[in-house]
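First residue of the sequence shown? That's 1 in UniProt numbering, and the numbers climb one at a time after it. Beneath this line is the structure, given in structure tokens, with notes to follow.
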Amino acid sequence: MENELAREVVPHGDPIALFKAWYDEARTTELNDSNAMALATATPEGLPSVRMVLLKGYGADGFVFYTNGLSRKGREIAANPNVALLFHWKSLRRQIRIEGHLQPVTAEEADAYFHSRARDSQLGAVASDQSAPLDSRETFLARYESVRDRFDGKDVERPGHWGGYRVVPAAMEFWHDRAHRLHERRRFERGADGDWSSTLLYP
Ligand SMILES: Cc1cc2nc3c(=O)[nH]c(=O)nc-3n(C[C@H](O)[C@H](O)[C@H](O)COP(=O)(O)O)c2cc1C
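As structure tokens, then:
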């Protein structure tokens, strides 16, 4: 048994390829929203906040999500582009942590994603003053209906403040549940040359 526990199950190499392998597996095992990730932001003073968002694309250049740029997270991001992401797949007992900085996606990318969403979701995105105080659900519904009428028979226009962000990873850490709580952690860091190196960490 000792030999089995000494064997590494988290490979070195390319962390983006490893992310893909785990994510593909999670898509078949997770009950819902296998693309859900916690996004941590912080004010320039270092006050943190965290919320879930959905991963809408990824690759060697980063991890993409979409949101309202005037929301609390949007305002924090505008003042401080350093963020962290967290995936936790209960069905796999695995966690991936990502740290990096944000870049906005292009207007073309944001338009393409916005218009790929269901029309109701597009209308909802226009109608929502995300993170602002709301006096009643009726107010929100009335705004939604007015936006729906405004775009009746037309394409819904993506609001300029609604868009996507790409988290460019500087570090990624993979956590794998192992027997006797002798879990396995491997942290990858990207050097100035863009190459990744990694090390095991005590769990
Ligand atoms: C599973 C899940 C996925 C979510 N995905 C998104 C998302 O992709 N974009 C988004 O703006 N909000 C998403 N939300 C809502 C956010 O968690 C949050 O309530 C909202 O963005 C406002 O956050 P803020 O006030 O910190 O800006 C999601 C919530 C959950 C529970």
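Ideal Cβ placement from N, Cα and C applies to all residues, glycine included. Nothing here was measured: the structure is a model prediction, and the numbers come from that model.
Using the rule of at least 16 other Cβ atoms within 10 Å of the residue's Cβ for burial, across every protein chain shown, is residue i buried or exposed?
{"i": "E8", "result": "exposed"}
{"i": "G164", "result": "buried"}
{"i": "P133", "result": "exposed"}
{"i": "A110", "result": "buried"}
{"i": "M37", "result": "buried"}
{"i": "K154", "result": "exposed"}
{"i": "G74", "result": "buried"}
With H, G and I counted as helix, E and B as strand and the rest as coil, what does DSSP make of residue i?
{"i": "Q122", "result": "helix"}
{"i": "residue 226", "result": "No answer is possible for residue 226: it lies beyond the span of the chain, which begins at 1 and ends at 203."}
{"i": "N3", "result": "helix"}
{"i": "R117", "result": "coil"}
{"i": "L18", "result": "helix"}
{"i": "R94", "result": "strand"}
{"i": "residue 251", "result": "This structure leaves residue 251 out entirely; the chain is present only between 1 and 203."}
{"i": "D24", "result": "helix"}
{"i": "H12", "result": "coil"}
{"i": "A112", "result": "helix"}
{"i": "A127", "result": "helix"}
{"i": "A132", "result": "coil"}
{"i": "R158", "result": "coil"}
Just to confirm the assignment, what range does the beta strand (DSSP E) spanning residue i have?
{"i": "H176", "result": "W162 to H176"}
{"i": "A40", "result": "A36 to A42"}
{"i": "T106", "result": "It is not in any beta strand (DSSP E) - T106 carries neither H nor E in the DSSP assignment."}
{"i": "R201", "result": "Per the sequence shown, the amino acid found at residue 201 is Leu instead of Arg. Residues W196 to L201."}
The alpha helix (DSSP H) spanning residue i covers which residue range?
{"i": "E138", "result": "R137 to R150"}
{"i": "E184", "result": "Where E184 is concerned, there is no enclosing alpha helix (DSSP H), although the beta strand (DSSP E) it sits in stretches over E184 to R190."}
Residues in its own chain within less than 8 Å of residue i by CB, not counting five upstream and five downstream?
{"i": "L5", "result": "R178, A179, H180 and L182"}
{"i": "S91", "result": "A26, T29, E30 and L31"}
{"i": "A170", "result": "E99, G100, H101, E189 and R190"}
{"i": "A40", "result": "P48, S49, V50, V83, A84, L85 and L86"}
{"i": "Y202", "result": "R185"}
{"i": "T199", "result": "R186 and R187"}
Please return the same chain residues whose Cβ sits closer than 6 Å to the Cβ of residue i, not counting the five positions on each side in sequence.
{"i": "V126", "result": "V147 and P159"}
{"i": "H101", "result": "P81, N82 and V168"}
{"i": "R97", "result": "L86 and E173"}
So, at 7 Å on beta carbons, what are the nonlocal neighbours of residue i in its own chain, with the 5 sequence-adjacent residues on each side left out?
{"i": "G124", "result": "Y144"}
{"i": "P18", "result": "Reading off the sequence shown, one finds Leu at residue 18, where the question assumed Pro. Correct list, in chain order: P11 and F174."}
{"i": "H88", "result": "Q95"}
Which ranges does the beta strand (DSSP E) cover as unbroken runs of at least 3 residues, wholly within the stretch 46-91, from first to last along the chain? 48-54, 57-59, 62-68 and 82-89
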